[in-house]
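The opening position of the sequence shown corresponds to residue 396 in this note's numbering, with each subsequent residue numbered one higher. Yeah, the Cβ is synthetic: ideal placement off N, Cα and C, and Gly gets one too.
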Amino acid sequence: MKTYLLFLSVLLLVSCSSSEEKRVFNAVSPNGTIVVDFNVSEEGKPYYLVMNNKNVIIDTSYLGFELKDAPNFDKNFIIKKSLTETHIETWHMPWGEQDSVKNNYKELKVFLQEKETPKRFLNIVFRVYDDGVGFRYEFPKQARLSTVEILEEHTQFNLTQDYNTFWIPGDWDIYEHLYLTTKVSEIDALKYARHVDLAQTHIPENAVNTPVTMVGNDGTHLSFHEAALVDYSGMTLKVDTENLNLESHLVGSRNTDYKVKRSVPFNTPWRTIQIANNAPDLIASNLIVNLNEPNKLGDVSWFKPMKYTGVWWEMHLGKSSWDYGMEMKDGVWTDTGKAHGRHGATTENVKNFIDFSAKNNIGGVLVEGWNTGWERWIGFEDREGVFDFVTTYPDYDIDEVVRYGKEKGVDIIMHHETSAATETYEKQQDTAYALMQKYGMHAVKSGYVGKILPKGEYHHGQYMVNQYNNAAIKAATYEVAVNAHEPIKATGLRRTYPNIISREGLRGQEFNAWAADGGNPPEHLPIVAFTRMLAGPIDYTPGIFNIKFDEYKKNNQVNTTLAQQLALYVVIYSPVQMAADLVEHYEANPEPLQFIKDVGVDWEQTKVLNGEVGDYVTIARKERQTGNWFLGSITDENARELPISFDFLDDNQAYEAIIYKDGENAHWNDNPLDLVKEKITITKNTNLTLNLAEGGGCAISIIKK
């Protein structure tokens, strides 16, 4: 890896006279299109504004904090000095959407001090990129401030137009809401405070969760989020529908009268604004990962990006269950001979998945429901001590399963459902990770379903941010990579800790199997690609071939075509991609199965060829090692004709394109299995038109000849 660094620092010493306070401090993106201005008002209130292509997109927006047992940190400031810097760097992704990432920005650091006693210090740092802006607060070491208890952070984003907005409610406990599409002025999050399909939900304000993406009448695309969320509370954005203003609203706790407690010195997470003139450039942005610190783990080659199958979808269908049928006696789970016979994680069943995976270029098998405790965890308030993470059910022989997997060249992916009982999991993590290390398991899927224990904590508050991050950091010492479900939001920490490989953090595929509201509509993923996916990799579990599954549930289905399920392996990025359906459904459909067998999971380049938020998107990715390309295109409930140029392919190279497309009569509801497969030869001079059915898609393997 080669890294190029160029630092140009200019220290501006600023006097405290009134004339000097009026001068504007700014930073300009490397290409000159984005400008951030900063100053303090006559009352000493810090504020900023952002311009894109000479147009103000974030108008005067104030910054500051409300503190416990201390004067608020939001006015009476003077600017002591400022520092500007140019940074040019290229860094390597050990796995990811691309091999190398440019990290070029202009930085403005402003040093503030209160005019009056106690004359505390606060620094604000802006980094301005060609694809957006990040800024954070820095609490420097100082004699007059040792500990900060934050009641609220008041970071404003004052919008200049009533954007068309793609949002989910600012729920403190869960991200599994369907996306809504309204104007900013029409956002009503409190309307969704109760939801029949959600295990827990808490929406105290008219606020939205991030990433929240907006499209303006002038074609401006914005997405608001945060980066490097460490030892801090997750941020929602409270919406002032009348004045078109967003303001940070931190997730709290019923156990404390503050939202964040930190010892000085410390930095807050970055507040981020991704800025683009079109939708594809939002996906191409690397702002979130670039704002995180470099890799702290070093070599992580022990983790291999992979496709995987597993014991999972069958439980959502009701074919099998997570639990075995044991009983708790004297604090010990005991087999009393009352097993119901529907347990999914049996040695025989897992071996079946191993055999299938070995035949089809699939590197791993996930096993859910292998450990004791599943009989009691749902619906019980006191879930501490229910699960352990080393004791198997009687019909699951972990030694034999691991041995058999190694013989076949297939890894076993561990599953830790914590049931949100954080103290139990924290106590057992070393034992659980040591078991994985013993068996050579390098990936775990963790889950946090249910209300957080201890009572009074929420999934996205500071307490849980530390739980999730510390679990992953500890896992790295055992060479374990973490795929977290019911997680905190992704904020780019995968750069700093590359064992944080993927996570859920959205309304996933399983809702199609059991949600009372009809599952995820066709527009869901064309929105997700431009919202949640901007934060980081998604474990969405695609590849459902038995789309109607009437033999299991007549009132549910996946609202998609078969071609779209294939396209998701390219469109929705993750370094771990599940072939989520049952083995028998794949074996009955060998033609579409071939695409899953062929498609890559680790990429050298990514090209977003077209897209509109909530409507459609087409992405092509070049596989590391082979140089082969794969293309995925999906649409909402509307059919599309999308012209595609293959000018991204290598010069003087012919490719065999294996196309999996919607048939003439395909439709997400009426005829989802209508699929046509064809082979043609293409070069970089080839142009095609993709015809996507309602709720449909297209997947193409582009293999060097």
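Collapsing the DSSP output to three states places residue 892 in coil. Apart from the 5 residues on each side of it in sequence, residue 1063 sits with its Cβ closer than 6 Å to the Cβ of 917, 954, 955, 956, 1089 and 1090 in its chain, given in chain order. A straight-line Cα-Cα distance of about 46 Å links residue 926 and residue 729. A check of alpha carbon separations from residue 876 across 863, 884 and 478 identifies 863 as the nearest. When secondary structure is reduced to three states using DSSP, residue 964 falls in the helix class. Judged by beta-carbon spacing, residue 1016 lies within the 8 Å limit of residue 1001, meaning their Cβ atoms are closer than that value.
Counting C-beta atoms within 10 angstroms of its own C-beta, residue 725 has fewer than 16 neighbours from the protein chains shown and is therefore classed as exposed. By the neighbour-count criterion, in which a residue is buried when 16 or more other Cβ atoms sit within 10 angstroms of its Cβ, residue 589 is exposed. As a beta-bridge residue in DSSP terms, residue 501 pairs with 481 and 523.
By the C-beta density criterion, residue 1084 is exposed, having fewer than 16 other C-beta atoms within 10 angstroms. Taking each of 688, 1011, 498 and 679 in turn and checking the Cα distance to residue 623, the smallest one comes out for 688.
Looking at the DSSP output, residue 710 bridges to nothing.
The C-alpha of residue 584 is placed about 50 Å away from the C-alpha of residue 795. A Cβ-Cβ distance of about 6 Å is found for the pair residue 503 and residue 479, placing them in contact under the 8 Å criterion. For residue 549, there is no enclosing alpha helix (DSSP H), since its DSSP letter is neither H nor E. Annotation: residue 607 to residue 619 spans about 5 Å, alpha carbon to alpha carbon. Classified as exposed, residue 775 has fewer than 16 neighbouring CB atoms from the shown chains inside 10 Å of its CB. Taking 8 Å as the cut-off, the beta carbon of residue 720 is found no closer than this to the beta carbon of residue 748.
Shown here for residue 580: same chain residues with a beta carbon closer than 7 Å to its own, the five before and five after excluded, namely 557, 636 and 639 in chain order. Just so you know, the alpha carbons of residue 1042 and residue 1004 end up roughly 10 Å apart. Secondary structure note for residue 742: its alpha helix (DSSP H) is the uninterrupted segment 742 to 754.
Looking from the CA of residue 594, the closest CA among 981, 814 and 691 belongs to 814. With contacts defined by Cβ atoms closer than 8 Å, residue 513 and residue 531 do not form a contacting pair. For residue 670, the pairing in a beta bridge is given by DSSP as 617. Of all C-beta pairs linking the stretch 462 to 472 to the stretch 556 to 576, fewer than three are shorter than 8 Å, placing the two stretches out of contact. Between residue 713 and residue 948 a beta carbon distance of about 7 Å is seen, short of the 8 Å cut, so the two are scored as contacting. For residue 830, the enclosing alpha helix (DSSP H) starts and ends at 817 to 834. Per DSSP, reduced to three states, the secondary structure at residue 990 is helical.
523 is the residue among 549, 846 and 523 whose C-alpha sits nearest the C-alpha of residue 423. For the beta strand (DSSP E) assignment, the uninterrupted runs of no fewer than 3 residues enclosed by the stretch 763 to 813 are, from N- to C-terminal side, 806 to 812. In the three-state reduction of the DSSP assignment, residue 676 falls in the helix class.
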